[in-house]
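Residue numbers (this note's numbering), protein chains in the order written: chain R, 83 to 189; chain W, 6 to 367; chain U, 24 to 126. Single-structure report; data block below.
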Amino acid sequence: MEKSTIICRCEEITYEEIEEVISHGARTFDDIKRLTRCGMGPCQTKICMHLVNKVIHELTGLPFQDIPLPRLRMPLSPIKLETLATNSTSFYAVKSVLDELELEERR
Amino acid sequence: METEVLVIGAGPAGLAAAFETASRGLDVTIVDESTVKGGQLCQQTQIIRALPSIFQPMRGFELAKLLTNQLEDFSVRYLLKHRLIGLYRDGSVGITNEVDVFPIKFKKLVIATGAAENAIPFPKWTLPGIITIGAAQTLINRDFVIPGKNSVIVGSSDFAMDVALQLLDVGVNVKAIIEAQSDVLARDKEKVKRVKKSGISFYLNSSIVEARGKDEVSEIDIQLPNKRITEKVDLVCVDGGRSPILDAFYQLGCSFGYQGELGGWIPQYNEFFQTDREDVFLAGNAAGVSSQGAVIVTGMIAGVSVCESLRIIDNREAEKIRISLWRELENIESSLYPDVWQARINHIKSFKYPLLKNQFIL
Amino acid sequence: MHIKNHPILGSCLQEPVTFYFNDQPYTAYKQQTVAAALIANGIRMFGLSRKLVQPRGMFCARGRCCSCYMTVNGEDHVRTCMIKVEEGMRVYPNLEDPEIRGD
């Protein structure tokens, strides 16, 4: 693949950068993510995961079943902090994400 | 909010699962981030023939309407423009309507989130005007917008053939279909013939070398086996295949296996379309990328299995219905895609041996 | 260009709306997404990428790739392929990171 081809659209990581970290020992998506920021943009690996796994497969010969999925956290898609921290009292079932935290007592 | 059966995804599989459960008296809630019911079927204008025997061949959007209408007699709670955002600590799912986030407690969960398209990278593929073929179909059949004047399609799956014909229908000039393999990937040979007859060039063993343009794509270089050509296009539709959407399964702590023919990584599930979490079922393209008729049957199997696990129908009756549904699934899937069918059988056989576990980070 | 008469789906564009991109008025129809409305009016560059400052527009139309981010009615980083266009909507391109201080 042409070296300047962008693999991660969000963080604009090129094939060349991924090839370099693989030559330094990166073998999984998460390895590459931590070294290049690939997958840390707004889409959170939704678009680049498939592409990066293909690059790992091509450059290392690892079969796809040996290239694990990246690990993900909530939220599953972009959401406003305003929505997560909602404190609406008009909707009885609303449960703010802040309620999930055990906030420390301030002395 | 509490419900007995929570269905994530109002596409054909989700609607089929909702029908099997709601028609037997269960309290069903369906969540979908779209404003309409029917998922991708709503924007499909081609005639679909390989369907479960209870359906006649019909166009995608007609099938979407039928699947929606058959739920009219039952009190199903629809949460459209809502999406799954995560899990609360007590196990209820977090749903948002963009204004609030709230929990939904469920007895059984059916995840039918579908599949997402894969990209095909080449230099400057990030230019405006380069979109997925699903996006092209969305623009013409859902938003009623011409996506461009002169286009090429990269990839040659059955879906690409459908979209090629649909682009021609609305007057978009499709100059060529560019396929990297040595043969067209589409299995429906009649459809390929129709596309060839329309005058679209087929460039096999070919790929895009580079796209160029100032603020949007205006031309591309294509490498053919024995020469390189330049085409002036303002629209490039990429078809890199589809992969199941796994986001929800991550959060629920499900384990995964790999089946290339089904789209890559898929959640582990058994012949009941139940994941390795006893209360989480799945259906549709999320269980492996397949044709529209097949995903409807997977929704039916999941729905019946949910009814069985909630003791609405007994094991003997559920098994009887399941056996006939699995036969339908085999019929529909193995006619054009025997490798997909075989991969599904292998996946179910290896249910107890996941390749990936413990993906969820607390 | 809007498809006023679709060969299979018919004439489905019923209610026109006027929206503004960079303060210029454009016509669209109620059920279209903001991204589709812009594309119909020949506007395909929705913003610039953060690092290499390259033109970006809609890619997946499913709300997954976030390439269609724009500022809509004062709210930044809106996935324009997911929201419907409304009368009087004010849309601006996503040219750089938004200013989050102040106000």
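Cβ coordinates follow ideal geometry from the N, Cα and C atoms, glycine included.
Query	Result
Range of the contiguous beta strand (DSSP E) that encloses Pro39 (chain U)	39-44
Candidates U:Thr103, U:Lys53, U:Arg87, U:Glu110, of which the one nearest Arg67 (chain U) by Cα	U:Thr103
Residue of U:Arg113, U:Phe69, U:Pro48 minimising C-alpha distance to Gly97 (chain U)	U:Arg113
Minimum Cβ-Cβ distance from Lys74 (chain U) to chain R less than 8 Å	yes
Alpha helix (DSSP H) runs wholly inside the region 192-248 of chain W, at least 4 long, in chain order	194-202
Among W:Val41, W:Glu67, W:Ile317, W:Ser211, the one whose alpha carbon lies nearest that of Ile31 (chain U)	W:Glu67
Residue from W:Leu287, W:Gln256, W:Ile158 whose Cα sits closest to the Cα of Val200 (chain W)	W:Ile158
Those residues which DSSP pairs with Tyr92 (chain U) across a bridge	U:Arg102
Beta bridge counterpart(s) of Pro116 (chain U) as assigned by DSSP	U:Met93
Contacting residues, own chain, Cβ-Cβ under 7 Å from Arg189 (chain R) (five flanking each side not counted)	Model confidence at Arg189 (chain R) stands at a pLDDT of 47, short of 50, so the residue's coordinates are unreliable and nothing is read from them.
Proximal residues, the region 85-112 of chain W versus chain R, C-beta separation under 8 Å	Arg88, Leu89, Ile90, Gly91, Leu92, Tyr93, Arg94, Gly99, Thr101, Glu103, Val104, Asp105, Val106, Phe107, Pro108
Minimum Cβ-Cβ distance from Arg155 (chain R) to chain U less than 8 Å	no
Reduced DSSP category for Asn28 (chain U) - H, G, I as helix; E, B as strand; rest coil	coil
Beta carbon proximity, Ile123 (chain U) to chain W, threshold 8 Å	no
For Val81 (chain W), the three-state DSSP class (helix, strand or coil)	strand
Pair within 8 Å by beta-carbon distance, Glu93 (chain R) and Arg119 (chain R)	yes
Chain R residues whose Cβ lies nearer than 7 Å to that of Gly70 (chain U)	Within 7 Å Cβ-Cβ: nothing; Gly70 (chain U) doesn't reach chain R, min ~12 Å.
Beta-carbon proximity list for Glu224 (chain W), same chain, < 6 Å, skipping 5 on both sides	Arg217, Thr235, Lys237
Below-8 Å beta-carbon distance, Gly97 (chain U) vs any chain R residue	no
Whole beta strand (DSSP E) elements within the region 12-52 of chain W, 3-residue minimum	33-37
For Ser156 (chain W), the first and last residue of its enclosing beta strand (DSSP E)	155-159
Beta-ladder partner(s) of Trp270 (chain W), from DSSP	W:Tyr263
Closer than 8 Å at the beta carbon, the chain R residues around Arg113 (chain U)	Simply none; closest approach about 18 Å.
Separation of Glu77 (chain W) from Gln279 (chain W), as counted between CA atoms	26 Å
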